[in-house]
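Visitor:
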Amino acid sequence: MTDLSMHTAAKMARIALGHVAQEYPHKLDHVLGGDEDARPPRELHPVFFGSFDWHSCVHGWWTLLTVRRLHRDGAEALEIERLADSTFTAEKIAVERAYLDRPLSRGFERPYGWAWLLYLHLEAAKHADRSWVAELAPLASAFANRFRTYLQILTYPIRAGAHSNTAFALVLALEWAEQFDEPLADLIRSRSRHWFAADRDAQAWEPSGDDFLSPTLTEALLMKRVLAEDAFGEWFGHFLPRIHQRQPETLFTPATVSDRSDGKIAHLDGLNLSRAWCWRLLGHRDVAEEHLAAALPHVAGDYMGEHWLQSFALLALLATRTIQADALIPPSPH
């Protein structure tokens, strides 16, 4: 049974429905090779042109499909179905797929957008009454192949607290690969152990000023996924040896957000939500609740956060028992 009530789900759906098809403002991840490449988002990406940027649109769609699956009787479910049916078409997906073949698109959305696309495809597979999983399959296959190549040439993991973070991308990609691509799942497990198995006594020098991921906790969550239970317990004890003394203190302290109209500073609300997700899955519900309570009141209100925060709130809520979530999320003004 999920902790996501219909009331909370409806709020999230209304917000996401309001931005996945909103083209502007838009921040493109697009390398121009000439004047002919200067084109609007809707032409470059007829599926994922909304939500300020490509990856936010992808996980905005993940939010919508997840809400539709969990609350089929909600008033928003029919609207989600109609919009998805008209968006996830073979013709539009083909344009998105062709974009990846551009010589200048090798690093497009790597690895964050790749991982979210796989996670969206995984969610689409849970909607057997629709063709969405089949329509998205060419994109999922393309990004899986990119992961396969990238993991073999990536000498060092990226431990930043934003889009380039390796561990977060692999947490999502592994869940997809375990269902659709076991060789890729094996590669993810192998590379994760290679990069992180020897890590000890994490100092958790975070957050940075625009983090929305905890490098420390996302690494721990990834290792929980790739190690056997006993092996993970031993690894985690070495990785965060003072956790029962609530040390490092920064991991237990929700981030302060000084200006939610600033897109980068607003990332810190996402940090609190993604930490809540990690803490709950790592078995520390009390710390998760502290972070969740700090961020949930701010998932709506300013577009700089509103275009993406629902996805991280949903991850946290699906992992955390939150009795008062409805009271914490304000209605969207849009």
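Under numbering that gives the first Met the number 0, the sequence shown has 168 at position 169, and the numbering climbs by one with no breaks. Yeah, the Cβ is synthetic: ideal placement off N, Cα and C, and Gly gets one too. Given the structure is predicted, the values throughout are model-derived calculations rather than measurements.
(1) Measuring CB to CB, does His120 end up less than 8 Å from Ala136?
(2) Pop quiz: Leu99 and Val57 are said to be a contact at Cβ under 8 Å. What is the actual Cβ separation, rounded to whole angstroms?
(3) Going by alpha carbons, who is nearest to Arg158 out of His297, Phe311, Lys263 and Pro110?
(4) Can Ala275 and Ala315 be called in contact, C-beta distance under 8 Å?
(5) State whether the stretch 62–82 contacts the stretch 27–38, with contact taken as three or more CB pairs (one from each stretch) at a distance under 8 Å.
(6) Please state whether the Cβ-Cβ distance between Gly73 and Ala123 is less than 8 Å.
(7) Following a CB-centred definition, is Ser130 positioned closer than 7 Å to any heavy atom of the ligand FMN?
(8) State the CB to CB distance for the pair His126 and Leu64, rounded to an integer number of angstroms; the pair is presumed to be in contact (CB under 8 Å).
(9) Count the other C-beta atoms from every protein chain shown that fall within 10 angstroms of the C-beta of Ser334, then say buried if there are 16 or more, exposed otherwise.
(10) Provide the residue span of the alpha helix (DSSP H) that contains Leu229, from first to last.
(11) Buried or exposed, going by whether 16 or more other CB atoms sit within 10 Å of the CB of Ser85?
(12) Taking the alpha-carbon of Gln178 as reference, which of Gln202, His44 and Ala139 has the nearest alpha-carbon?
(13) Tell me whether Tyr23 is buried or exposed, calling it buried when 16 or more other Cβ atoms sit within 10 Å of its Cβ.
(14) What whole-angstrom Cβ distance do Thr165 and Ala203 have, given they're in contact under 8 Å?
(15) Using 8 Å as the cut-off, can you tell me whether the stretch 147–154 makes contact with the stretch 175–191, which would need three or more C-beta pairs spanning the two stretches below that distance?
(16) Taking just the CA atoms, how far does Leu221 sit from Ala168?
(17) Since I believe Ala184 is in contact with Ala176 (beta carbons under 8 Å), could you give me their beta-carbon distance rounded to a whole number of angstroms?
(18) Using the three-state DSSP reduction, which class does Arg241 fall into: helix, strand or coil?
(19) Would you report the Cα separation of Leu153 and Ser163, rounded to the nearest angstrom?
(20) To the nearest angstrom, report how far apart Pro253 and Asp36 are at their CA atoms.
(21) May I have the straight-line CA-CA distance separating Phe87 from Gln244, to the nearest angstrom?
(22) Using a Cβ-Cβ cutoff of less than 6 Å, which residues in the same chain neighbour Trp278 once the five nearest sequence positions on both sides are dropped?
(23) Between the C-alpha atoms of Glu232 and Arg105, what's the straight-line distance to the nearest angstrom?
(24) Grab the span of the alpha helix (DSSP H) containing Glu181 for me, first residue to last.
(25) Identify which residue in Glu305, Ala12 and Ala93 has its Cα closest to the Cα of Ser260.
(26) Give me the Cα-Cα distance between Pro102 and Leu295, rounded to the nearest whole angstrom.
(27) Apply the 10 Å Cβ neighbour rule to Glu218 and answer buried if 16 or more other Cβ atoms are within range, or exposed otherwise.
(28) Residues in the same chain with beta-carbon distance under 6 Å from Ala114, minus the five sequence neighbours each way, listed in chain order, please.
(29) May I ask which residues mark the beginning and end of the alpha helix (DSSP H) holding Trp60?
(30) Return the first residue and the last residue of the alpha helix (DSSP H) that Gln309 is part of.
(31) So what does DSSP say about Ser140, is it helix, strand or coil?
(32) Hey, how far is the Cα of Asp258 from the Cα of Arg284?
(33) Nearest-angstrom Cα distance between Arg71 and Ala312?
(34) Report yes if the CB atom of Trp60 is closer than 8 Å to the CB atom of Val19, and no otherwise.
(35) Would the beta-carbon of Leu267 fall within 8 Å of that of Asp210?
(36) Nearest by alpha-carbon distance to Leu212: which of Pro156, Arg129, Gly269 and Thr255 is it?
Guide: For this structure:
(1) Translated into the one-based positions of the sequence shown, residue 120 becomes position 121. Translated into the one-based positions of the sequence shown, residue 136 becomes position 137. Pairing His120 with Ala136 gives a Cβ-Cβ distance under 8 Å.
(2) The sequence position of residue 99 within the sequence shown is 100, counting from 1. The sequence position of residue 57 within the sequence shown is 58, counting from 1. Wrong, their Cβ atoms sit about 14 Å apart, outside the cutoff.
(3) Here residue 158 corresponds to residue number 159 of the sequence shown, with the count starting at 1. Nearest option by C-alpha distance: Pro110.
(4) The residue you call residue 275 lines up with position 276 of the sequence shown. The residue you call residue 315 lines up with position 316 of the sequence shown. Going by C-beta atoms, Ala275 is nearer than 8 Å to Ala315.
(5) no
(6) Looking up residue 73 in the sequence shown gives position 74. Looking up residue 123 in the sequence shown gives position 124. Judged by beta-carbon spacing, Ala123 lies beyond the 8 Å limit of Gly73, meaning their Cβ atoms are not closer than that value.
(7) The ligand FMN is not among the ligands present in this structure, which contains no ligands whatsoever.
(8) On the sequence shown, residue 126 is found 127 positions in, with the first residue counted as 1. On the sequence shown, residue 64 is found 65 positions in, with the first residue counted as 1. About 6 Å separates the two Cβ atoms, so the contact holds.
(9) Not covered by the structure: residue 334. The range shown for the chain is 0 to 333.
(10) Along the sequence shown, read from residue 1 onward, the residue named residue 229 stands at position 230. Note that residue 229 is Asp in the sequence shown here, rather than Leu. Counting along the chain, the alpha helix (DSSP H) containing Asp229 begins and ends at Glu228 to Phe238.
(11) The residue labelled residue 85 in the question sits at position 86 within the sequence shown. Exposed, by the Cβ-count rule.
(12) Counting from one through the sequence shown, the residue named residue 178 turns up at place 179. Ranking Gln202, His44 and Ala139 by Cα distance to Gln178 puts Ala139 first.
(13) The residue labelled residue 23 in the question sits at position 24 within the sequence shown. Flag for Tyr23 reads exposed.
(14) Numbered from 1 along the sequence shown, position 166 holds the residue referred to as residue 165. Numbered from 1 along the sequence shown, position 204 holds the residue referred to as residue 203. At roughly 17 Å, the Cβ-Cβ gap does not stay under 8 Å, so Thr165 and Ala203 are not in contact.
(15) yes
(16) Here the question's residue 168 lines up with position 169 in the sequence shown. Here the question's residue 221 lines up with position 222 in the sequence shown. The straight-line gap from Cα to Cα measures roughly 9 Å.
(17) By 1-based counting over the sequence shown, the position of residue 176 is 177. By 1-based counting over the sequence shown, the position of residue 184 is 185. With 8 Å as the limit, Ala176 and Ala184 qualify as a contact, their Cβ atoms being about 4 Å apart.
(18) Taking the sequence shown and counting its residues from 1, the one referred to as residue 241 is at position 242. Correct three-state label for Arg241: coil.
(19) Numbered from 1 along the sequence shown, position 154 holds the residue referred to as residue 153. Numbered from 1 along the sequence shown, position 164 holds the residue referred to as residue 163. Taking the straight line joining both Cα atoms gives about 12 Å.
(20) Counting from one through the sequence shown, the residue named residue 253 turns up at place 254. Counting from one through the sequence shown, the residue named residue 36 turns up at place 37. Going by the C-alpha atoms only, they are around 42 Å apart.
(21) On the sequence shown, residue 87 is found 88 positions in, with the first residue counted as 1. On the sequence shown, residue 244 is found 245 positions in, with the first residue counted as 1. Distance between the alpha carbons of Phe87 and Gln244 is about 49 Å.
(22) On the sequence shown, residue 278 is found 279 positions in, with the first residue counted as 1. Contacts found: Val286 and Ala287.
(23) As a working note, residue 232 is residue 233 in the sequence shown. As a working note, residue 105 is residue 106 in the sequence shown. First, the residue type needs correcting, since residue 232 is Gly and not Glu in the sequence shown. One C-alpha to the other measures close to 38 Å.
(24) For the purposes of this step, residue 181 is taken as residue 182 along the sequence shown, with counting starting at 1. It spans Glu181 to Phe195 - the alpha helix (DSSP H) in which Glu181 sits, taken as one unbroken run.
(25) Along the sequence shown, one-based indexing puts residue 260 at 261. Ser260 has its Cα closest to that of Glu305, out of Glu305, Ala12 and Ala93.
(26) As a first step, residue 102 must be located in the sequence shown, where it is residue number 103. As a first step, residue 295 must be located in the sequence shown, where it is residue number 296. The straight-line gap from Cα to Cα measures roughly 41 Å.
(27) Residue mapping note: residue 218 aligns to position 219 of the sequence shown, counting from 1. With 16 or more other Cβ atoms within 10 Å, it is buried.
(28) Locating residue 114 in the sequence shown gives position 115, where the first residue counts as 1. Same-chain partners within the cutoff: Ala168, Leu171 and Ala172.
(29) Sequence index remark: in the sequence shown, residue 60 carries index 61 (1-based). Here the alpha helix (DSSP H) through Trp60 covers Trp53 to Leu69.
(30) Reading the sequence shown from its first residue, position 310 is the one you call residue 309. Element bounds for Gln309: Leu308 to Ala318.
(31) Translated into the one-based positions of the sequence shown, residue 140 becomes position 141. Looking at Ser140 - three-state DSSP - the assignment turns out to be helix.
(32) If you number the sequence shown from 1, residue 258 lands on position 259. If you number the sequence shown from 1, residue 284 lands on position 285. Using only the alpha carbons, I get a separation of about 28 Å.
(33) Numbered from its first residue, the sequence shown carries residue 71 at position 72. Numbered from its first residue, the sequence shown carries residue 312 at position 313. The alpha-carbon separation between Arg71 and Ala312 amounts to approximately 20 Å.
(34) Counted from its first residue, the sequence shown places residue 60 at position 61. Counted from its first residue, the sequence shown places residue 19 at position 20. Contact flag set, yes.
(35) Counted from its first residue, the sequence shown places residue 267 at position 268. Counted from its first residue, the sequence shown places residue 210 at position 211. Yes, these two residues count as a Cβ contact at 8 Å.
(36) Residue 212 sits at position 213 when you count from the first residue of the sequence shown. Nearest option by C-alpha distance: Gly269.
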